[in-house]
Every structure is written in C-alpha cells, then in structure tokens.
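Visitor: Sequence lines, in order, name chains A and B.
Here the first sequence is numbered in UniProt numbering, starting from 1 and rising by one per residue.
Here the second sequence is numbered in UniProt numbering, starting from 1 and rising by one per residue.
Protein chains: 2
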Amino acid sequence: MDKFMQAAIDEAKKGLEEGGVPIGSVIVHNGEIIGRGHNRRVQSGSPILHGEMDAFADAGRQPASVYKECVIYTTLSPCTMCSGAIELYGIPHVVVGENQTFMGAEGRLRQLGVKVDVLQDATCIDLMNTFIRNHPELWDEDIGKS
Amino acid sequence: MDKFMQAAIDEAKKGLEEGGVPIGSVIVHNGEIIGRGHNRRVQSGSPILHGEMDAFADAGRQPASVYKECVIYTTLSPCTMCSGAIELYGIPHVVVGENQTFMGAEGRLRQLGVKVDVLQDATCIDLMNTFIRNHPELWDEDIGKS
Numbered sequence: 001m002d003k004f005m006q007a008a009i010d011e012a013k014k015g016l017e018e019g020g021v022p023i024g025s026v027i028v029h030n031g032e033i034i035g036r037g038h039n040r041r042v043q044s045g046s047p048i049l050h051g052e053m054d055a056f057a058d059a060g061r062q063p064a065s066v067y068k069e070c071v072i073y074t075t076l077s078p079c080t081m082c083s084g085a086i087e088l089y090g091i092p093h094v095v096v097g098e099n100q101t102f103m104g105a106e107g108r109l110r111q112l113g114v115k116v117d118v119l120q121d122a123t124c125i126d127l128m129n130t131f132i133r134n135h136p137e138l139w140d141e142d143i144g145k146s
Numbered sequence: 001m002d003k004f005m006q007a008a009i010d011e012a013k014k015g016l017e018e019g020g021v022p023i024g025s026v027i028v029h030n031g032e033i034i035g036r037g038h039n040r041r042v043q044s045g046s047p048i049l050h051g052e053m054d055a056f057a058d059a060g061r062q063p064a065s066v067y068k069e070c071v072i073y074t075t076l077s078p079c080t081m082c083s084g085a086i087e088l089y090g091i092p093h094v095v096v097g098e099n100q101t102f103m104g105a106e107g108r109l110r111q112l113g114v115k116v117d118v119l120q121d122a123t124c125i126d127l128m129n130t131f132i133r134n135h136p137e138l139w140d141e142d143i144g145k146s
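1. Provide the residue(s) that pair with E32 of chain B in DSSP beta bridges, ordered along the chain.
2. Considering Cα atoms alone, identify which of B:R36, B:T80, B:G19 and B:R41 is closest to Q6 of chain B.
3. Determine the chain A residues that contact P63 of chain B at a beta-carbon separation under 8 Å, and present them in chain order.
4. Is the distance from the Cβ of A12 of chain A to the Cβ of F56 of chain A below 8 Å?
5. Taking a contact to mean a Cβ-Cβ separation below 8 Å, would you say I125 of chain B touches E98 of chain B in this structure?
6. Looking only at C-alpha atoms, which of A:T74, A:V114, A:V118 and A:T101 sits nearest to residue 211 of chain A?
7. When DSSP labels each residue in this structure, what does Y73 of chain A get in the three-state scheme?
8. DSSP state of G144 of chain B, grouped into three classes?
9. Which ranges would you report for the alpha helix (DSSP H) in the UniProt domain "CMP/dCMP-type deaminase" (1-116) of chain B if only whole runs of at least 4 residues count?
10. Could you tell me the distance, in whole angstroms, from the CA atom of Q111 of chain A to the CA atom of V21 of chain A?
11. From which residue to which residue does the alpha helix (DSSP H) around L127 of chain B run?
12. Throw me the rounded Cβ distance for the C70 of chain B and H38 of chain B pair, which I believe falls under 8 Å.
13. Give the single residue among A:R61, A:C82 and A:Q120 whose Cα lies nearest to the Cα of G45 of chain B.
14. Report buried or exposed for P136 of chain A, applying the criterion of at least 16 other Cβ atoms within 10 angstroms of its Cβ.
15. When burial is assigned at 16 or more other CB atoms within 10 Å of the CB, is G31 of chain A buried or exposed?
16. Could you compute how far the alpha carbon of L119 of chain A sits from the alpha carbon of M1 of chain A?
17. Note down, in chain order, every chain B residue with its Cβ under 9 Å from the Cβ of R41 of chain A.
18. Under 9 Å Cβ-Cβ, which residues of chain A neighbour I48 of chain B?
19. Quick test of your reading: V96 of chain A and E106 of chain A, contact by CB under 8 Å. State the CB separation rounded to the nearest angstrom.
20. In whole angstroms, what is the alpha-carbon distance linking K3 of chain A and V116 of chain B?
21. With the cut-off set at 8 Å, would you say K68 of chain A and G90 of chain A are in Cβ contact?
22. In angstroms, rounded to a whole number, what distance separates the CA positions of T130 of chain A and G19 of chain A?
23. Work out the CA separation of S25 of chain A and I33 of chain A for me, nearest whole Å.
24. Cα separation between L138 of chain B and G15 of chain B?
25. Using a C-beta to C-beta distance shorter than 7 Å, which residues of chain A count as neighbours of T80 of chain B?
26. Would you kindly work out how many angstroms separate the C-alpha atoms of D140 of chain A and L49 of chain B, rounded to a whole number?
27. Is the beta carbon of S77 of chain B less than 8 Å from the beta carbon of R108 of chain B?
28. In chain order, what residues of the same chain have a beta carbon less than 7 Å from the beta carbon of C79 of chain B, not counting five sequence neighbours either side?
29. So which of A:T123, A:T75 and A:A122 has the shortest CA-CA distance to I27 of chain A?
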C-alpha cells in the first residue's frame with residue numbers, strides 16, 4: 001500500500017471512530033504530508049468539511065507555487081465541491097482510493113488536465129460500503145441527496 | 001438595494017474591517033437568512049473559507065429539501081470551489097453582486113440549470129477594486145494565482 005494512501009485511510013478510520021463519515025485525505029508536497037484531514041460533518045456539524053476540504057484547511061494558506069507541486073490523496077472520488085477546490089488551487093495530481101461507491105467529478109478534473117489515478121482499494125471500498133449500509137441517511141446528506 | 005444582497009455586503013464590510021478579503025454571502029430559505037459569512041482567509045488562516053463556504057458552514061447541516069429551496073447571495077462571482085458546493089447541495093438560485101473584478105464558474109452553474117443573476121452592484125465592485133489595488137498578492141492567493 002502506498003504510504004500516503006495509507007495515511008488517508010488512517011484519517012478515514014479516525015473519522016469512523018469519532019462517529020463520522022469515513023473519508024480521509026492527505027496533501028503531499030515533495031514527499032511530505034503538509035495537510036491531513038477527514039470528513040467532519042458529524043463531528044463539527046459542518047457541511048463543508050469533507051475529507052479533502054479538511055486537508056486543505058489543515059495545510060493552511062499555501063502559495064500557488066506549492067499547490068502546483070502537490071498530490072492530493074483521498075479515499076473516495078472527490079465530489080464537485082472538493083474537485084472545485086482542487087481546480088481552484090491548481091493541484092495537478094489526485095490519487096483516489098476508490099470510485100465504486102461514489103463517482104465524483106473526476107471526469108471534469110481530467111478534462112482540465114489533472115492527473116487522476118484510481119486505486120480501487122479494497123479497504124476504501126469496504127469502509128464506504130459498510131458505512132453506507134449502516135447510515136444511508138447520513139451518507140445521502142453528505143452528498144446532497146437527502 | 002435588495003435586503004439580502006445588502007446583508008451580504010454587510011458581511012463583506014465586516015471582513016474588510018477585520019483585515020480580510022471583502023467578500024460576503026448569505027443563504028436564504030423561505031425569505032429568511034439561515035446562514036451568513038465572509039471570507040476568512042486572513043482571519044482564520046484558512047484557504048477553504050471563502051464567503052460562500054463560510055455561509056454554508058454557518059447554515060450547518062441542512063437536508064436536500066431545504067437546499068433546493070434556497071437562494072445564495074454572494075458579493076462576488078463564485079469560484080470553482082464555491083460553485084462546486086452550490087452544485088453539490090443543489091442550490092437552484094445564485095444572486096451575484098458583481099463579476100467584473102473576477103469571473104467565477106457561473107457558466108458551469110448555468111449549464112447545470114442553476115439560475116444566476118448578476119447585479120453589477122457599484123458597492124461590490126468598489127469593495128473589490130479597492131482591495132485588489134491595496135492587496136494584490138492577497139487577492140492572487142485567494143484565487144490560487146500566486
């Protein structure tokens with residue numbers, strides 16, 4: 001397992017332990033994690049703290065010169081909000097744990113020239129399948145469906 | 001002046017007084033403001049707290065049935081991140097103070113069927129023109145340009 005995807009999975013599991021949606025993310029610059037986070041909808045009562053957004057917040061204010069050398073790892077395909085943040089800050093490379101349980105705006109990112117790798121990682125898929133089965137209403141809320 | 005755009009402008013001015021980027025937003029449901037906020041890049045050191053995102057955070061967790069009846073007011077054309085949040089939560093109507101100093105992802109929103117009204121409000125334009133003249137580096141950072 002790639003150590004950065006493992007760090008994103010560790011974040012997702014931390015979120016699950018806190019009673020939250022198990023999606024995690026890390027932002028990597030020159031081989032170092034500069035931001036890490038997980039979905040905090042439940043924990044913070046926030047609709048904007050998806051895993052990727054929480055990682056951006058943790059990385060803090062960065063110049064464009066840093067963002068353009070970053071890779072963002074996320075356990076789940078990034079939704080339109082998170083993809084929009086990736087687009088805004090010009091992150092050139094996204095590594096996605098899986099897109100089987102939810103397909104985000106990957107196609108849009110690829111059209112913009114962003115490199116998107118999808119691992120279809122069994123742990124990521126299992127985390128989401130189990131969560132969606134146990135908390136369908138929370139999951140639908142997180143993606144604006146209910 | 002529409003009272004809701006006035007409330008968004010009040011938020012933008014509050015941000016300016018705090019030393020921040022003067023962009024404000026309110027989310028309105030059935031004629032009542034359910035979320036309000038302003039850009040907090042400087043105040044919170046956060047790259048994700050654009051005005052619209054701060055208003056979403058302030059509104060808290062809402063069901064899709066509420067979002068689909070909301071109007072979001074923002075003093076400036078919404079960037080890809082904020083437009084992505086508007087898309088995720090299915091907000092059907094966006095009222096924009098101005099898009100002369102910055103053109104966001106309005107076109108994308110319209111293509112998705114979102115109603116986008118642009119007021120080209122003189123106060124909104126002046127707030128941004130003055131801010132960009134005084135803090136060009138901060139503005140470029142806020143839109144991922146430097």
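All C-beta atoms in this analysis are idealised placements derived from N, C-alpha and C, irrespective of residue type, glycine included.
Note that the coordinates shown come from a computational prediction; the quantities given were computed from them, not determined experimentally.
Guide: Taking the structure as given:
1. Position 32 of the second sequence holds residue 32 of chain B. Paired residues: B:H29.
2. Here residue 6 of chain B refers to the residue found at position 6 of the second sequence. Minimum Cα distance to Q6 of chain B is reached at B:R36.
3. Numbered from its first residue, the second sequence carries residue 63 of chain B at position 63. Correct list: E141 and S146.
4. Indexing the first sequence from 1 puts residue 12 of chain A at position 12. Indexing the first sequence from 1 puts residue 56 of chain A at position 56. Not in contact: A12 of chain A and F56 of chain A (Cβ atoms no closer than 8 Å).
5. Position 125 of the second sequence, counted from the start, is the residue given in the question as residue 125 of chain B. Position 98 of the second sequence, counted from the start, is the residue given in the question as residue 98 of chain B. Between I125 of chain B and E98 of chain B, the CB-CB gap stays under 8 Å.
6. For residue 211 of chain A there is no data in the structure shown, the boundaries of chain A being 1 and 146.
7. Reading the first sequence from its first residue, position 73 is the one you call residue 73 of chain A. In the three-state reduction of the DSSP assignment, Y73 of chain A falls in the strand class, which pools E and B.
8. Start at 1 with the first residue of the second sequence, and residue 144 of chain B comes out as number 144. Of the three classes helix, strand and coil, the one that applies to G144 of chain B here is coil, per DSSP.
9. For the UniProt domain "CMP/dCMP-type deaminase" (1-116) of chain B, the full-length alpha helix (DSSP H) segments reaching 4 residues or more read 3-17, 41-44, 51-59, 64-67, 80-88 and 106-111 along the chain.
10. To locate residue 111 of chain A, count along the first sequence from 1; it is residue 111. To locate residue 21 of chain A, count along the first sequence from 1; it is residue 21. Distance between the alpha carbons of Q111 of chain A and V21 of chain A: 29 Å.
11. Residue 127 of chain B sits at position 127 when you count from the first residue of the second sequence. First-last of the alpha helix (DSSP H) with L127 of chain B: A122 to N134.
12. Within the second sequence, the letter at position 70 stands for residue 70 of chain B. Within the second sequence, the letter at position 38 stands for residue 38 of chain B. That pair is no contact at about 18 Å.
13. Mapped onto the second sequence, residue 45 of chain B falls at position 45. Selection A:R61, A:C82 and A:Q120 evaluated against G45 of chain B yields A:R61 as nearest (Cα-Cα).
14. As a first step, residue 136 of chain A must be located in the first sequence, where it is residue number 136. It is exposed - the Cβ of P136 of chain A has fewer than 16 other Cβ atoms within 10 Å.
15. Position 31 of the first sequence, counted from the start, is the residue given in the question as residue 31 of chain A. G31 of chain A should be labelled exposed.
16. Here the question's residue 119 of chain A lines up with position 119 in the first sequence. Here the question's residue 1 of chain A lines up with position 1 in the first sequence. Taken atom to atom, the span from the alpha-carbon of L119 of chain A to that of M1 of chain A is near 10 Å.
17. For the purposes of this step, residue 41 of chain A is identified with residue 41 of the first sequence, where counting begins at 1. At a C-beta separation below 9 Å, R41 of chain A has these neighbours in chain B: R61.
18. On the second sequence, residue 48 of chain B is found 48 positions in, with the first residue counted as 1. Correct list: I48, L49, M53, D54, F56, A57 and A85.
19. As a first step, residue 96 of chain A must be located in the first sequence, where it is residue number 96. As a first step, residue 106 of chain A must be located in the first sequence, where it is residue number 106. Contact between V96 of chain A and E106 of chain A holds: CB atoms are separated by about 7 Å, below the 8 Å threshold.
20. Looking up residue 3 of chain A in the first sequence gives position 3. Looking up residue 116 of chain B in the second sequence gives position 116. If I take the Cα positions, the gap works out to 43 Å.
21. Here residue 68 of chain A is taken as the residue at index 68 of the first sequence, counted from 1. Here residue 90 of chain A is taken as the residue at index 90 of the first sequence, counted from 1. Going by beta carbons, K68 of chain A and G90 of chain A fall inside the 8 Å limit.
22. Indexing the first sequence from 1 puts residue 130 of chain A at position 130. Indexing the first sequence from 1 puts residue 19 of chain A at position 19. Distance between the alpha carbons of T130 of chain A and G19 of chain A is about 13 Å.
23. What you label residue 33 of chain A is simply residue 33 of the first sequence in a count that begins at 1. What you label residue 25 of chain A is simply residue 25 of the first sequence in a count that begins at 1. Each residue's alpha carbon lies about 10 Å from the other.
24. Locating residue 138 of chain B in the second sequence gives position 138, counting from the first residue. Locating residue 15 of chain B in the second sequence gives position 15, counting from the first residue. Rounded to whole angstroms, the separation of the alpha carbons of G15 of chain B and L138 of chain B is 14 Å.
25. On the second sequence, residue 80 of chain B is found 80 positions in, with the first residue counted as 1. Neighbours of T80 of chain B on chain A, chain order: G84, E87 and L88.
26. Counted from its first residue, the first sequence places residue 140 of chain A at position 140. Counted from its first residue, the second sequence places residue 49 of chain B at position 49. Cα-Cα distance, rounded: 24 Å.
27. Taking the second sequence and counting its residues from 1, the one referred to as residue 77 of chain B is at position 77. Taking the second sequence and counting its residues from 1, the one referred to as residue 108 of chain B is at position 108. Not closer than 8 Å, so no.
28. Taking the second sequence and counting its residues from 1, the one referred to as residue 79 of chain B is at position 79. Here the set comprises H50, G104, A105 and I143.
29. Translated into the one-based positions of the first sequence, residue 27 of chain A becomes position 27. For the options A:T123, A:T75 and A:A122, the alpha carbon positioned closest to that of I27 of chain A is the one of A:T75.
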